[in-house]
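Protein chains in written order, with our numbering: chain A, 9 to 281; chain B, 86 to 546.
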């Protein structure tokens with residue numbers, strides 16, 4: 009019975025460790041990283057995972073052993089212990105050191121990603137002159153690009169729903185805002201997650217290394233339609249991006265006749281993908 | 086000791102239940118039937134209809150039967166084809182084939198090729214077991230499981246000697262030849278689109294598209310009721326039924342800022358399929374209303390076949406006429422100048438012409454006197470739209486326009502009005518001599534004024 013209890017108990021940590029072990033080969037692990045700072049976030053994550061993983065295994069083995077060795081046998085009287093000062097010092101000091109290690113090793117990376125005073129501005133986008141404004145609302149992502157004078161207040165801004173188009177290999181700075189409740193701008197493949205807080209304008213930056221389409225999801229439960237806030241970050245070649253923005257600006261002044269098809273066919277605009 | 090045994094038994098029991106649940110995961114789907122419209126809106130005969138229906142199971146059965154004949158059920162929706170369509174070889178059940186231009190269909194195929202790349206690759210490699218068809222593509226799934234059944238039979242036959250290696254290789258080669266086209270040319274059937282509608286749209290818009298899904302009561306503004314055939318946002322004049330493109334745009338862009346989100350993450354083919362299905366629901370709903378009114382007039386005669394057919398075709402005609410009502414401006418969009426804006430403001434305030442101020446208010450806040458009415462108890466309430474919901478005129482200062490913020494979008498709103506709401510068509514306002522009160526240029530000036538107002542607060546959260 010003692011053995012069965014121990015094994016039942018150990019089944020949980022063993023299954024846990026096993027699921028980590030096989031995660032990568034089943035595609036349960038992280039998606040590929042395409043942002044410049046994502047590797048650093050991943051290395052922090054890996055460091056913490058190893059630390060926690062080793063501690064977890066050691067602790068569970070000890071617990072398993074204690075359950076097996078010291079479970080109650082007959083009428084034996086328990087030993088009264090007042091603790092062990094040295095042992096307590098050790099198990100306080102080691103975790104404290106580990107915490108300090110985690111705390112100090114993340115500081116520079118956190119600062120690089122989150123401190124707006126240190127945002128790169130070598131591409132013409134800066135906290136003062138962002139590439140775009142991203143509005144989160146229930147249950148919508150809306151991206152606004154400034155007019156030709158860099159003005160976000162003008163009537164000629166470009167607005168795209170659910171689609172954030174950016175140039176590749178560029179330090180992109182944008183402003184994140186919320187119109188109603190808390191939302192969170194999360195692009196797993198950039199390792200970027202930032203809450204959108206009503207009433208606040210939050211500068212965010214990233215640099216995507218590869219052209220492609222990446223999922224943008226809301227990572228803060230924001231209401232019944234939370235799951236519908238699935239947008240997309242579309243990374244284009246720099247020249248393509250300029251052309252895209254130019255086309256969008258011209259489309260603002262469309263007179264509607266371009267939607268009439270020459271052959272009178274009942275078809276669609278090419279633009280709709 | 087006894088306790089431990091009981092706990093172990095409980096643990097194993099719950100583990101078994103969990104495993105059992107897993108096997109049941111795809112469970113039986115309840116089959117759906119279209120219900121009847123219990124409150125017909127924007128129709129003075131609605132009272133008669135509702136009363137007739139509530140008390141007359143025979144009437145209900147007749148209308149239900151007629152509608153099922155014309156439109157099928159949610160599990161097997163299809164348009165009935167009158168003889169003239171068969172003669173003309175036209176079939177709205179295959180919209181992808183009959184209604185989408187070749188260029189647009191090529192775009193659909195190119196996207197399908199990308200989306201189905203893993204499946205196409207698996208087929209090319211001969212790994213048929215790796216092909217996973219998305220769950221709402223019911224017909225494609227059926228097609229593929231047919232192939233798999235044959236394939237597995239041949240494989241099993243290898244051991245028992247019923248089939249040979251060369252037979253299997255021949256079969257694989259034949260499928261590799263034939264199957265890719267089914268994926269690349271995939272365009273959802275109405276049945277497949279109904280399935281996607283069931284997953285994505287039904288919880289707000291309801292089984293019949295009545296805007297009465299389970300989430301609907303929590304929303305303001307309410308989800309659209311497709312059944313009267315009135316859609317607020319189109320690019321068309323004369324309260325026409327929407328073009329496919331208008332519905333498509335609502336699906337890709339959403340209607341901001343309402344609960345209608347963008348469905349951009351679905352493929353071109355899927356969204357086109359949803360447009361097809363929404364059109365079916367809307368045509369069904371309008372046919373139902375017209376049939377019911379006819380029926381209320383002639384309860385004794387019932388519904389003769391000719392009447393059903395002519396009503397059906399009348400509704401279709403409205404949808405087919407849409408393309409001729411498209412609004413565009415012949416020429417370049419006029420530039421916004423201070424004079425244009427000032428003139429726009431004048432017209433905005435002028436009670437004898439545009440008179441925007443009466444609803445939208447002096448400052449464009451949507452608080453003009455006509456935005457309110459007295460209810461039966463003498464309280465001031467907001468005016469209602471055709472669906473019976475209280476609505477507010479747009480606050481123009483916020484820069485949030487429901488169906489696009491481009492000048493041409495706002496121009497169309499002012500030109501043709503908004504269907505189902507008190508927002509009137511300004512292009513059709515006539516003076517006593519029958520001349521247009523507002524020229525196209527006047528309308529553009531109002532557009533520029535509205536845009537100038539919207540700028541002030543546009544970027545405020």
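Glycine included, C-beta positions come from ideal geometry on N, C-alpha and C.
Nearest-angstrom Cα separation, counted from residue j out to residue i
i	j	result
residue 139 of chain A	residue 35 of chain A	34 Å
residue 482 of chain B	residue 145 of chain A	18 Å
residue 26 of chain A	residue 60 of chain A	15 Å
residue 23 of chain A	residue 30 of chain A	11 Å
residue 319 of chain A	residue 18 of chain A	Look at the range of chain A in this structure, 9 to 281, and you will see that residue 319 of chain A is not part of it.
residue 204 of chain B	residue 221 of chain B	16 Å
residue 239 of chain B	residue 248 of chain B	6 Å
residue 324 of chain B	residue 315 of chain B	8 Å
residue 216 of chain B	residue 228 of chain B	12 Å
residue 46 of chain A	residue 276 of chain B	43 Å
residue 547 of chain B	residue 92 of chain B	Outside the shown range of chain B (86 to 546) lies residue 547 of chain B, about which nothing can therefore be said.
residue 185 of chain B	residue 201 of chain B	21 Å
residue 535 of chain B	residue 200 of chain A	38 Å
residue 126 of chain B	residue 473 of chain B	Confidence is the limiting factor: at residue 126 of chain B the pLDDT is only 42, short of 50, which leaves the residue's position unreliable, though a coordinate-based value still follows. Straight-line Cα distance between these residues: approximately 8 Å.
residue 344 of chain B	residue 326 of chain B	22 Å
residue 251 of chain A	residue 142 of chain A	21 Å
residue 162 of chain B	residue 115 of chain A	60 Å
residue 280 of chain A	residue 63 of chain A	Confidence is the limiting factor: at residue 280 of chain A the pLDDT is only 34, short of 50, which leaves the residue's position unreliable, though a coordinate-based value still follows. Cα to Cα, residue 280 of chain A sits roughly 53 Å from residue 63 of chain A.
residue 455 of chain B	residue 210 of chain A	40 Å
residue 72 of chain A	residue 10 of chain A	11 Å
residue 301 of chain A	residue 168 of chain A	Outside the shown range of chain A, which is 9 to 281, sits residue 301 of chain A, and nothing can be said about it.
residue 338 of chain B	residue 236 of chain A	13 Å
Residue i, enclosing beta strand (DSSP E) - first and last residue
i	result
residue 168 of chain A	166 to 169
residue 191 of chain A	191 to 195
residue 198 of chain A	First-last for residue 198 of chain A: undefined, no H or E at that position.
residue 144 of chain A	140 to 145
residue 281 of chain B	Counting along the chain, residue 281 of chain B falls outside any beta strand (DSSP E), though it belongs to the alpha helix (DSSP H) covering 275 to 285.
Nearest candidate by alpha-carbon position, reference residue i, set the options
i	options	result
residue 198 of chain B	B:266, B:481, B:511 and B:212	B:266
residue 155 of chain A	A:164, A:203 and A:147	A:164
residue 320 of chain B	B:313, B:311, B:312 and B:330	B:330
residue 378 of chain B	B:118, B:268, B:89 and B:123	B:123
residue 328 of chain B	B:95, B:364 and B:347	B:364
residue 53 of chain A	A:131, A:88, A:85 and A:110	A:110
residue 381 of chain B	B:164, B:178, B:495 and B:144	B:144
residue 255 of chain A	A:187, A:153 and A:230	A:153
residue 160 of chain B	B:236, B:250 and B:274	B:274
residue 313 of chain B	B:303, B:367 and B:338	B:367
residue 173 of chain A	A:32, A:57, A:221 and A:259	A:221
residue 87 of chain A	A:233, A:246, A:196 and A:78	A:78
residue 182 of chain B	B:237, B:264, B:165 and B:271	B:271
Host alpha helix (DSSP H) of residue i (start-end)
i	result
residue 511 of chain B	Taken as a continuous stretch (DSSP letters only), residue 511 of chain B belongs to no alpha helix (DSSP H), as it is neither H nor E.
residue 428 of chain B	423 to 434
residue 450 of chain B	Careful: residue 450 of chain B lies outside any alpha helix (DSSP H) and carries neither H nor E.
residue 370 of chain B	353 to 382
residue 340 of chain B	Element bounds for residue 340 of chain B: n/a, residue is neither H nor E.
residue 458 of chain B	Not the alpha helix (DSSP H): residue 458 of chain B falls in the beta strand (DSSP E), residues 457 to 459.
residue 230 of chain A	Residue 230 of chain A -> no alpha helix (DSSP H), and no H or E assigned at all.
residue 93 of chain A	93 to 122
residue 65 of chain A	46 to 78
Any non-hydrogen atom of the ligand GDP within 7 Å of residue i CB
i	result
residue 455 of chain B	In the structure on display, the ligand GDP does not appear, and there are no ligands present to speak of.
Exercise. On the three-pair Cβ rule with 8 Å, is the region 354 to 373 of chain B touching the region 140 to 152 of chain B?
Worked result: yes
Problem set entry | Residues, ordered as in the chain, of the region 73 to 97 of chain A that lie near chain B by beta-carbon distance below 9 Å | Result list empty, no residue passes.
Exercise. Okay, do the region 278 to 298 of chain B and the region 165 to 176 of chain B touch, 3+ Cβ pairs below 8 Å being the bar?
Worked result: Result no; under three Cβ-Cβ pairs closer than 8 Å.
For this session: Note down, in chain order, all residues in the region 216 to 235 of chain A with a beta-carbon under 8 Å from any beta-carbon belonging to chain B.
Result: Correct list: 232 and 233.
Exercise. Of the residues that make up the region 242 to 264 of chain A, which ones have a beta carbon closer than 8 Å to any beta carbon in chain B?
Worked result: 259, 260, 261, 262, 263 and 264
For this session: Please list the residues of the region 318 to 334 of chain B that have a C-beta atom closer than 9 Å to any C-beta atom in chain A, keeping them in chain order.
Result: Within the region 318 to 334 of chain B, the qualifying residues are 320, 328, 329, 330, 333 and 334.
For this session: Give a yes or no on contact between the region 423 to 430 of chain B and the region 523 to 530 of chain B, applying the rule of three or more CB pairs nearer than 8 Å.
Result: yes
Exercise. Does the region 503 to 518 of chain B come close enough to the region 399 to 406 of chain B to have 3 or more Cβ pairs within less than 8 Å?
Worked result: no
Problem set entry | Under 7 Å (Cβ pairs) to chain A, residues found in the region 349 to 361 of chain B | 349, 350 and 353
Exercise. Residues in the region 148 to 160 of chain A with C-beta within 7 Å of chain B's C-beta atoms, listed in sequence order?
Worked result: 148, 150 and 160
Exercise. Would you say the region 490 to 510 of chain B touches the region 461 to 477 of chain B, given that touching needs at least three Cβ pairs under 8 Å?
Worked result: yes
Problem set entry | chain A contacts from the region 470 to 502 of chain B (Cβ-Cβ distance under 7 Å) | 490, 491, 492 and 493
Exercise. Which residues, taken in chain order from the region 515 to 537 of chain B, show a beta carbon closer than 9 Å to some beta carbon of chain A?
Worked result: 533, 536 and 537
For this session: Quick one: which residues of the region 237 to 269 of chain B get their C-beta closer than 9 Å to a C-beta of chain A? List them in chain order.
Result: The region 237 to 269 of chain B vs chain A, Cβ under 9 Å: nothing.
Exercise. Between the region 406 to 431 of chain B and chain A, which residues of the former have CB atoms less than 8 Å from a CB of the latter, in chain order?
Worked result: 408, 411, 412, 413, 414, 415, 416, 417, 418 and 421
Problem set entry | the region 431 to 451 of chain B / the region 187 to 195 of chain B touching (three or more Cβ pairs under 8 Å) | no
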